[in-house]
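There are 2 protein chains.
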Amino acid sequence: MTMGRRLLEDIESDGGDSIQTDVPNRRHSPCIDYNIPATNAEEDMEPIFAVNQRSKEASQYESLDYDVCENVLWRRDQTKIEPKFAVKKDFSRWVISLQIGVFTALVACCINIVIEEVSRVKYGFLKKQVDVNVVHGDLSIPYLWWSLLNLVPVVIGATLVAYVEPVAAGSGIPLVKCYLNGVKVPRIVRIKTLAVKAVGVATSVIGGLAGGKEGPMIHCGAVIAAGISQGKSTTFRRDLKILKHFRDDHEKRDFVVSGAAAGVAAAFGAPIGGILFSLEEAASFWNQSLIWRTFFASIISSFTLNIILSAYHGLSSFRYRGLFNLGEFEPLPFEYFELPIFMLMGVVGGCSGAVWNALNSRLNAFRAHAIQPRWAKVLEAAFVAVLGATFACMMAYTINDCRPLGNDPTEDPVQLFCQDNEYNAAAALWFQTPEATVKALFHDPPGSHKILTLAVFVLIYYPLSCVTYGLSVSLGIFIPTLLIGAAWGRLTASFVVLAFPASSAFVAPGKYALIGAAAQLGGVVRMTLSLSVILLETTGNIGFILPIMLTLMCAKWSGDYFNEGIYDTQIRASGVPMLPWHVEPEFQQLSARHIMAQPVVCVRMEEKVQYLLSILKNTTHNGFPVIEDGDDGSRVNGRLVGLILRSQLVVILKRSYYQEASRFWESTVSIEAFRDEYPRYPAVDDLHVNEDKCSGEFSVNMHMFMNPSPYSVEEGTSVPRLFQLFRALGLRHLVVVSSENRVRGIITRIDFQKHH
Amino acid sequence: MTMGRRLLEDIESDGGDSIQTDVPNRRHSPCIDYNIPATNAEEDMEPIFAVNQRSKEASQYESLDYDVCENVLWRRDQTKIEPKFAVKKDFSRWVISLQIGVFTALVACCINIVIEEVSRVKYGFLKKQVDVNVVHGDLSIPYLWWSLLNLVPVVIGATLVAYVEPVAAGSGIPLVKCYLNGVKVPRIVRIKTLAVKAVGVATSVIGGLAGGKEGPMIHCGAVIAAGISQGKSTTFRRDLKILKHFRDDHEKRDFVVSGAAAGVAAAFGAPIGGILFSLEEAASFWNQSLIWRTFFASIISSFTLNIILSAYHGLSSFRYRGLFNLGEFEPLPFEYFELPIFMLMGVVGGCSGAVWNALNSRLNAFRAHAIQPRWAKVLEAAFVAVLGATFACMMAYTINDCRPLGNDPTEDPVQLFCQDNEYNAAAALWFQTPEATVKALFHDPPGSHKILTLAVFVLIYYPLSCVTYGLSVSLGIFIPTLLIGAAWGRLTASFVVLAFPASSAFVAPGKYALIGAAAQLGGVVRMTLSLSVILLETTGNIGFILPIMLTLMCAKWSGDYFNEGIYDTQIRASGVPMLPWHVEPEFQQLSARHIMAQPVVCVRMEEKVQYLLSILKNTTHNGFPVIEDGDDGSRVNGRLVGLILRSQLVVILKRSYYQEASRFWESTVSIEAFRDEYPRYPAVDDLHVNEDKCSGEFSVNMHMFMNPSPYSVEEGTSVPRLFQLFRALGLRHLVVVSSENRVRGIITRIDFQKHH
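Keeping their order, the protein sequence lines are chains A and B.
For the first sequence, our numbering puts the final residue at 756, and the numbers step up evenly by one.
For the second sequence, our numbering puts the final residue at 1756, and the numbers step up evenly by one.
Dropping the structure here:
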């Protein structure tokens, strides 16, 4: 009965001893069955368990272990570490941050250049087709070409996403957000996901879908960070045998924060915006050194991007305005009385964004059960791609918005039915990537578009982008949302000038387009701080930061009145148990005992292999409290002495051997073993049980492996209080105990879900 | 023995019941001696304790209670709250943030305008004196005038600081940092401090000391935030009876974060820099809604500043470039090969900053024991003020750096011994506020200064600023450090052009001045992210962000090799127990039992008043674990059931009455009572004990007041692990228990101090 306790005390005194690092004859408890096998004894050993080839996915959403498991193995490992090692480890963190920045920028450059080049060829070809065919008056051939050129890339992208890696669909920002919140979303940081995402986003943008490449780039940054920091790839079965000390969820997650920031920095050329994005929207845990490394990764990322794109565009210096990829504004003066207009636009943007979110989430809810087969998803994407071409052609052919050539910012101005020295402004909106159109709306001189053109464009693009976001393709919503906002912002400017002709002196349409874009994007994603910095950095217009900030705050307030931002809406719809910043109001009055899961499956300090196998197979729990026996000798009501994870138990069982010669059960489980298996631990069903060897008498002793000081709370603790603990420390399991430290229940993140 | 336990269970079931908010006959345990006295019984009551007038300071550095004490009173208060109240509370948080922004900007404007106006008069007068006297060749009169005009304001400021509020000395940033880290630094957020700080900084800058107004403005913002959020002032003995729900350390600290950010926003006109400053340097706790409120306060602050200064400068619109108070740069192109130069300058700045920090901290250590009387401090400040005038005059009179008038950015160009259409560039460096000189060094055309002038200036200003920081005056180090850096940056540009004459095409001295300023400031304060944004926002030069970032990273790395940033150095020297981001390496291998304080003074659930008085008087502990009796009936080895604070005990005792009629001991202590006493709780010596009434039989029952679920850890828990808990949750006390939940020790922030 008291053996477990005694063992624990052994450990503890061991932990105490371990301050002196070089004790030559380390004292071992004789009852500890952990021993590193002598090499010559290896032949005698037969595996009790062998791993089957088929690997089974664990339950869908687990928590990451942000909390470091300080078990005896870990403590011993720490004592072996020389003082220099901490410096080395910190240095390699900086080197990894550098690599994250460089590689994220490289991927972003590739995506960028591919999209730019292919789009140029595509729209050049289409323009020729239109020019040739408009003479005969037959516009169906360019339409068919356009549809085809939309269709082919979109089908490729959608097929990849639907058949190869469904998790690469959408922008990826919600997934990254969940990951950084501590949810282990399966497969989101794998190399395969990165490949599908990168190819997918290029094909979608080339295919003319109403989406942008920014969100996916952020996801790409996150995957790159997770990959580089681990020094191995499970997909390629390569283990570089380096960076082993970063193979735990805690370290990996810190790098993913940097990766996401580097992604934003590369996507928008906004290094500060990148950090703020990670801070405001993505990360749940921060500390000063993480801020500095993230900052470094962001700098390096935008720096690399700048160099490469400067070189690509043949500039001899850093003159590439990649930093301002929405076009640099001239200083924009604004008047006092314009501020209420901007704030009103913010409110409009907030409401319009809220409607967009509501429509999109209903549509996606419908889609989730109506369009389930993979081919149907591809078909749907293909349909939307053709729909885009159709709308574009209809608008270009029917609206006769002719403008003189010359101050025209489009690369391929289409003449259509206009005079010889004119181009069709309606067509110009569609004859380029959405990003280029945003730039055009920001910077085209006043009077570049008819009111009708812009109004029709908004009316088409708003539902189109709403339908597009949620297709089985990789696409972000930043650019289409900016586009909608820029269009109605420009429209607003036109109306203001119509109403007060005197105001045309200062009502620059580009200024209103920028405010409209900010308002609409703020209304959809509900970010404020990072968005204003991103807009600042992409337009280079620092003097205009105050109006943008005010607009964004108004957009956020008015949008929040109706619903949540699109990312949170998506996360909620997907059922991922993300922890909010504060506990939901309905939990306010509850105590630990009201929400804890019970009865708890506990294990003894020294536990029979048979029992371990049975609980691993018959439950889905990922953590088991380790207890001293209760008063009645059962596992119920025992006193908490530690916590052991499913993954640890499986690794222990997998790596343990029964030694024939000595009739002693031995284990080769070192801390390296756990690092080698990370992050894809074998499933219990994959362990082949050698029934002969594994009779009831063999048992595993937990004390080397368990976390000897799991966080626990007394059962009367209020939920807001324990939630704070759970969230601040990024816990996976929180054990609920009585005032005598006896296990009463266990709390995991799903216990904080609303429907509880 | 088991009574305490039974009481606890009563509370807990009470807590459970309290979910139903409107139970008409709330069940009370008969053994609870908490009762609201009937009004007609009041005459019968005599106070057991009365408060003496003299209030004694508590021990010097306590922790703030960031953790909310969820006792029964609090829980009852929560159940009474209507759902609407949460919305109201949140709304008032926003309103307070608005007020923080507005008032911080107002104070900043006042300081700004006073300094600007008085300095204009001062330097105008001095110029006239020089012009008149240079004709006779007698320059001693202007020197004496100058010394006098430096002396008078500095003596006023130093006297205020030395005699009225010594805590207002220096920049205030280290104090704010400590406060936000959770250290209750006495008097730092009082109105008196604000007044002394504001007057002090104006006088110091007017007095020509080598300091800036930025740091103090940040402190002012923090005080304003703390004041506005409380709805009462102890100094003025006014209680507006509003905002009572914000009267705890947690809420107050959140507002102080916003205040500090608003202060930066107002000081530099850098709203984003303000948030990042709070994030990187100041705040230890963050959540999303706090970010947004802080952002809002920053916007409002720079917005208000902009409006007021625009109006003051007679501009009809927001054309005031207050946003770029270091002068807006034209776009600065840079070449590839300049980057290594910038990085090298960063390294130089880092080293030079490290030397500055080392010198300054030694000087201040010497100062701390050599200059203790108040009059000596004033005298010292006066001496340094005259010293500044002396150096300035010596430099102006001896260096004959004549430049043609015309492209001269100084308001009062002094001719001195120059030709009629020339001015003395050496004198120009001194004939204005340091801020204006920084601006001049950034923007003066190439060739505005001789190499000698700049070199001498750096050699004088470097030690001068080092001596100045640490005087008994309110002054920041941002501006003098920028000034030193800008001067040697410009010097570098001159040398580069000398070495490679061909490079004069792109080696703009202003660019190198900016890089030098960034390097020097980065080397002294070791901020990266916030500093680059502040420099970005104050110079409006977003295209130059990459070089600035690289420079700052290099400055930080090289400086960190030698010592800590100046703020951390100061904090360490002052002995304030600030919690670092990570535990010190020497704690790495320790467990809770190695650092905990023991034996612990515990109290029983129902405790005799005599005993409480004795422990309050004879110990300095601020928190006492509440226990069930131990096995032997003593207070040793008891089982932990709660935690009660010294402040709570004192308030309970102060507000308790012995009721003659019923011979029953009654208490009027409600949650309001604690809020009314916050934050200056009476000291125990101030309680007048009525010995007759307070015989041994009377006891206090803790269960209404104690925190029923204090955070505790098992004694084997490793220090890094419990440090994480302590820091992440901002704890004040962490109880160490055995595996049976018996109190073994207690950990507070001083136990993490290095000298332990």
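C-beta: ideal position from N, C-alpha, C; glycine also.
Predicted model only: the values in this text are computed from it and were never measured.
Got a sec, what are the start and stop residues for the beta strand (DSSP E) residue i sits in?
i, result
"CYS1418 of chain B", "Where CYS1418 of chain B is concerned, there is no enclosing beta strand (DSSP E), given that its DSSP letter is neither H nor E."
"LYS608 of chain A", "606–608"
"ASN1701 of chain B", "1699–1701"
"ILE1747 of chain B", "1743–1747"
"CYS1110 of chain B", "It is not in any beta strand (DSSP E) - CYS1110 of chain B instead sits in the alpha helix (DSSP H) that spans 1083–1136."
"VAL1736 of chain B", "1734–1737"
"SER712 of chain A", "712–714"
Check the Cβ of residue i against every Cβ in chain B and list those closer than 9 Å, keeping chain order.
i, result
"LEU550 of chain A", "ILE1299 and PHE1303"
"PRO585 of chain A", "PRO1083 and ALA1086"
Is any heavy atom of the ligand GDP found at a distance shorter than 8 Å from the C-beta of residue i?
i, result
"LEU1536 of chain B", "Inclusion of the ligand GDP in the displayed structure is not the case, the ligand content being empty and no account of it being possible."
Could you please give the first and the last residue of the uninterrupted alpha helix (DSSP H) stretch that includes residue i?
i, result
"LEU1175 of chain B", "1173–1181"
"PHE1303 of chain B", "1288–1312"
"LEU1483 of chain B", "1478–1499"
Starting from residue i, find everything on chain A with Cβ-Cβ shorter than 7 Å and list it in chain order.
i, result
"GLN1753 of chain B", "Ordered by position in chain A, no residue passes the 7 Å Cβ test against GLN1753 of chain B, which lies about 18 Å from the chain."
"ASN1741 of chain B", "SER739, GLU740 and ASN741"
"SER1119 of chain B", "Neighbours of SER1119 of chain B on chain A: none; closest Cβ ~26 Å, over 7 Å."
"VAL1713 of chain B", "SER709"
"TRP1375 of chain B", "None at all; the shortest Cβ gap to chain A is about 41 Å."
Please look up how many angstroms separate the CB atoms of residue i and residue j, rounded, as I've assumed it's under 8 Å.
i, j, result
"LEU471 of chain A", "ILE399 of chain A", "That belief does not hold up - the Cβ atoms of LEU471 of chain A and ILE399 of chain A are roughly 27 Å apart, past 8 Å."
"ALA260 of chain A", "ALA222 of chain A", "5 Å"
"PHE1246 of chain B", "ILE1275 of chain B", "PHE1246 of chain B to ILE1275 of chain B, Cβ: 21 Å. No contact."
"VAL1256 of chain B", "ALA1225 of chain B", "5 Å"
"GLU1281 of chain B", "SER1614 of chain B", "At roughly 43 Å, the Cβ-Cβ gap does not stay under 8 Å, so GLU1281 of chain B and SER1614 of chain B are not in contact."
"LEU734 of chain A", "SER712 of chain A", "7 Å"
"SER1736 of chain B", "MET1605 of chain B", "The sequence shown places Val at residue 1736 of chain B, rather than the Ser named in the question. Incorrect: roughly 20 Å between the Cβ atoms, too far for contact."
"ILE1300 of chain B", "GLY1101 of chain B", "3 Å"
"VAL201 of chain A", "SER474 of chain A", "4 Å"
State the beta-bridge partners of residue i as determined by DSSP.
i, result
"PHE624 of chain A", "A:ILE644"
"ILE671 of chain A", "ILE671 of chain A pairs with nothing; no bridge assigned."
"PRO1404 of chain B", "B:GLU1422"
"LYS1232 of chain B", "B:ASP1239"
"GLY1212 of chain B", "B:GLY1476"
"GLU338 of chain A", "Paired residue(s): none; GLU338 of chain A is not in a bridge."
"ASN1707 of chain B", "B:LEU1643"
"VAL1601 of chain B", "Looking at the DSSP assignment, VAL1601 of chain B forms no beta bridge with any residue, so it has no partner."
Under 7 Å between beta-carbons, which chain B residues line up against residue i? List them in chain order, please.
i, result
"PRO708 of chain A", "GLY1716"
"PHE295 of chain A", "THR1528 and LEU1529"
"SER289 of chain A", "TRP1581"
So residue i contacts chain B; which residues on that side make the cut at Cβ distance below 8 Å?
i, result
"VAL639 of chain A", "The question names Val, but residue 639 of chain A is Arg in the sequence shown. The contacting residues are SER1739 and GLU1740."
List, in chain order, every chain A residue whose beta-carbon is nearer than 8 Å to that of residue i.
i, result
"GLN1588 of chain B", "GLN78"
"VAL1467 of chain B", "Under the 8 Å cutoff, chain A gives no residues; its nearest Cβ is about 30 Å from VAL1467 of chain B."
"GLU1070 of chain B", "SER718, PRO720 and ARG721"
Using a Cβ-Cβ cutoff of 8 Å, what residues of the segment 1074–1085 of chain B are near chain A? List them in chain order. Taking 8 Å as the cut-off between beta carbons, the residues of the segment 1074–1085 of chain B near chain A are ARG1075, GLN1078, THR1079 and PRO1083, in sequence order.
Between the segment 721–733 of chain A and chain B, which residues of the former have a C-beta closer than 7 Å to a C-beta of the latter? Cβ contacts with chain B come from ARG721, GLN724, LEU725, ALA728 and LEU729.
Against chain B: residues of the segment 348–362 of chain A by CB proximity under 9 Å: none
Taking a cut of 8 Å between CB atoms, which residues from the segment 384–403 of chain A lie near chain B? none
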